[in-house]
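To convert a position in the sequence shown, counted from 1, into the working numbering, add 69. Backbone N, C-alpha and C fix where the C-beta goes; we use that ideal spot for every residue, glycine too. Nothing here was measured: the structure is a model prediction, and the numbers come from that model. Following: one structure in structure tokens, then a few remarks.
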Amino acid sequence: MKDKLSPKKREQAALTRFPTPLSSKTPLPKEEKIEKIALHIRSIMEILGLDVENQSLKKTPERVASMYVNEVFSGLDLDAFPSVALFEQAADPTQSHQMVFTRVSLVSFCEHHLVPMIGSACIAYLPKDKIIGLSKLSRIARYFAARPQLQERLTSQIGDSLSTILGHNNVAVCITAKHSCVIARGAKDESAETTTLYTDGLFYTSIEHRKEFLDMVYAGVVPE
Ligand SMILES: [Zn+2]
70 MKDKLSPKKR EQAALTRFPT PLSSKTPLPK EEKIEKIALH IRSIMEILGL DVENQSLKKT
130 PERVASMYVN EVFSGLDLDA FPSVALFEQA ADPTQSHQMV FTRVSLVSFC EHHLVPMIGS
190 ACIAYLPKDK IIGLSKLSRI ARYFAARPQL QERLTSQIGD SLSTILGHNN VAVCITAKHS
250 CVIARGAKDE SAETTTLYTD GLFYTSIEHR KEFLDMVYAG VVPE
């Protein structure tokens with residue numbers, strides 16, 4: 070049986086304990102956002118000394134503005150939180166516990182430089198009486214990734230959101246990502262990778278659960 074999230078729970082799931090610092094101003098309508106951002110991008114290009122009337126550059130301001138609002142920062146819109154349904158599951162009598170584990174690819178944008186961080190997230194939970202559709206785990210991860218982010222915050226937001234949705238905190242999230250701001254500027258280190266780990270409930274208190282999760286993260290396979 071399907072159990073849809075109530076509007077209140079959906080809102081809580083989108084906000085989380087480690088919130089994105091959102092402005093208290095009322096958000097502008099989408100079209101107005103795109104129009105205003107495009108004007109600013111155009112100014113930046115002009116200040117940099119580019120000919121914004123050049124055939125190749127002419128549409129860049131609108132293209133960037135639309136990409137920000139409709140794609141890479143679309144997760145700033147709280148209403149864009151994916152619709153999630155939980156399914157009742159019959160417990161497997163042969164299992165003392167079961168883990169649901171999924172690995173999804175992620176692209177987010179570092180909030181200090183507004184350039185991409187690219188990697189993957191491993192997300193796990195221990196199902197009790199309810200399970201969540203696997204595709205929803207990637208949708209939740211991608212929703213929070215579509216914001217200017219800190220990798221630490223992104224990891225916690227996915228974990229917190231999943232806990233709110235499931236109604237318990239047996240949740241773990243591990244993200245490994247390469248940051249363009251470390252590769253292309255500053256340290257210029259192409260090999261640097263950052264891993265962040267969120268564990269709560271049994272994944273925090275039980276060494277076995279934590280180990281099982283991390284074995285799957287690093288092996289990429291289901292253990293025997
Ligand atoms: Zn950065």
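- Assigned with DSSP and collapsed to three states, Ala253 falls in coil, not helix or strand.
- Rounded to whole angstroms, Cys191 and Arg211 show a C-alpha spacing of 13 Å.
- According to the DSSP assignment, Leu126 belongs to no beta strand (DSSP E), since it is labelled neither H nor E.
- Gly228 is a Cβ neighbour of Tyr267, given a cutoff of 8 Å.
- Residue environment analysis places Ala253 among the exposed positions, since fewer than 16 neighbouring C-beta atoms fall within 10 angstroms of its C-beta.
- Taking C-beta atoms under 8 Å as the contact rule, Ile200 and Ala82 fail to qualify, at a distance of about 16 Å.
- Judged by their CB atoms, Glu122 and Ala107 are not nearer to each other than the 8 Å cut-off.
- If you draw a straight line from the Cα of Lys197 to the Cα of Gln167, it is about 9 Å long.
- The C-beta separation of Phe178 from Ala241 comes to about 24 Å, leaving the pair out of contact by the 8 Å criterion.
- In this structure, DSSP gives Thr89 a state outside helix and strand, which the three-state scheme calls coil.
- Cβ neighbours of Leu183 within its own chain (closer than 7 Å, five residues either side excluded): Pro217.
- Between the alpha carbons of Val251 and His181 lies a distance of about 11 Å.
- Contact annotation: Ser225 and Phe87 have beta-carbon atoms nearer than 8 Å.
- The closest CA to that of Ile103, considering only Val133, Ser125, Ile113, Ser93, is found on Val133.
- DSSP places Thr245 within a strand segment (E or B) once states are collapsed to three.
- Taking the CA atoms as reference points, Thr171 sits about 6 Å from Ala193.
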